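Heads up: the sequence shown begins at 46 in our numbering, then just goes up one per residue.
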Amino acid sequence: MKCIQCPVKCGTDRQINNGACGVKNLRIAKYYLHPYEEPPVSFKNGSGCIFFCGCSLKCVFCQNYELSRNTRGKDVSAAELADIFKKLEDSGAENVNLVNPTHYLKDIAKALEIYRPRIPIVYNTHGYETTDTLKMADEFTDIFLPDLKFIDPLLSKRYTARADYAEYALPAIKFMAEKPLKMRDDGKMLSGCIIRHLILPLATYDSVNIVKFVSELPESVYLSLMSQYTPFGEIQNFNELQRKITKREYEKVLSAVAEYGLKNVFIQDMESAAENYIPEWDF
46 MKCIQCPVKC GTDRQINNGA CGVKNLRIAK YYLHPYEEPP VSFKNGSGCI
96 FFCGCSLKCV FCQNYELSRN TRGKDVSAAE LADIFKKLED SGAENVNLVN
146 PTHYLKDIAK ALEIYRPRIP IVYNTHGYET TDTLKMADEF TDIFLPDLKF
196 IDPLLSKRYT ARADYAEYAL PAIKFMAEKP LKMRDDGKML SGCIIRHLIL
246 PLATYDSVNI VKFVSELPES VYLSLMSQYT PFGEIQNFNE LQRKITKREY
296 EKVLSAVAEY GLKNVFIQDM ESAAENYIPE WDF
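Written as structure tokens, this is what we have:
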């Protein structure tokens, strides 16, 4: 069957060959209770993250490089994935967090038919999505947790394999932003949308444009501004990426948050820019 689950629409029969995402079968690199998601997602016990292998975006600075390039991982069946859902739920996970799920959407839907957890499902995506795929995901998703990496196509062309990133990401984000917000009185998110943005060195002008874009979305949407950029991946030819962001760069983006009147914003400490926050991959 030809794969058209992501915007690349490579048409590969992934039972035979790797797709543009670099993978064939359902493959994961790790699952565990992750304490470092946004507070209403990790909440008290941690988010039940499942890290899927492969990625069609191929950011040069990817902090999950080993799994996005499929250099490690373990093939699992839909039934085994359903078992993982249950294990995470039984271990006290606040939710089941599907990290980079797009190219496995049909497999995930099969697993959820076998076992649907009684805790929220988080769709944790790089933002490079089609709205048709998101409509399928919306049938089982409670919380959308997308990245919005770039608006400027010059940045996406320089740092990813997809110069058309914003062409797909902006309408995708608008779709995900419509997810109704439901928060428990104790601060746990049950439904909603949190948009993440990783600030990059020398790219604060684009971060400001992203803040402006988010300010025009429904007020129920949260923005998570990440200062955690750490030099990683294939950045040897990108001098500007070989350092962390500066306090001045971060404060410029925070000033834009104030200027555009955003209220629901998560702010990271600059100390978050460290490799010890990058998971070790089990498989």
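Every residue, glycine too, gets a C-beta built ideally from N, C-alpha and C. Remember, predicted model here, so these are calculated numbers, not experimental data.
DSSP places tyrosine 274 outside any alpha helix (DSSP H), giving it a letter other than H or E.
With fewer than three CB-CB distances shorter than 8 Å, the stretch 133-147 does not count as touching the stretch 114-121. Residues of the same chain with a CB within less than 8 Å of the CB of leucine 150, apart from the 5 flanking positions on each side, are Gln50, Thr178, Met181, Ala182 in chain order.
Relative to the Cα of proline 246, the nearest Cα in the group Tyr305, Val302, Val298 belongs to Val298. In the structure shown, aspartate 230 falls within a coil segment according to DSSP collapsed to helix, strand and coil. Look at the stretch 72-130 and you find these whole runs of alpha helix (DSSP H), each 4 residues long or longer: 84-87, 110-113.
Residue environment: threonine 249 is assigned as buried (16 or more neighbouring CB atoms within 10 Å of its CB, all protein chains considered). Going by C-alpha positions, threonine 57 is about 14 Å away from glycine 99. Look at threonine 176 here: in three-state DSSP terms it is helix. Assigned with DSSP and collapsed to three states, histidine 171 falls in coil, not helix or strand. Cβ neighbours of methionine 234 within its own chain (closer than 7 Å, five residues either side excluded): Pro85, Val86, Ile188, Met228. Glutamate 223 and alanine 217 have their C-alpha atoms some 10 Å from each other. Sequence-distant Cβ neighbours of methionine 221 in its own chain, meaning closer than 6 Å and more than five residues away, are Phe189, Pro191, Cys238. Burial state of isoleucine 153 is buried, judged by a 10 Å Cβ sphere holding 16 or more other Cβ atoms. For isoleucine 312, the uninterrupted beta strand (DSSP E) run begins and ends at 310-312, by DSSP. Here tyrosine 267 is near glutamate 83, since their CB atoms are less than 9 Å apart.
In the structure shown, aspartate 192 adopts extended strand secondary structure according to DSSP, grouped into three states. In its chain, beyond the 5 residues on either side, Ile95, Ile129 have a beta carbon closer than 6 Å to the beta carbon of tyrosine 76. Secondary structure note for leucine 143: its beta strand (DSSP E) is the uninterrupted segment 141-144.
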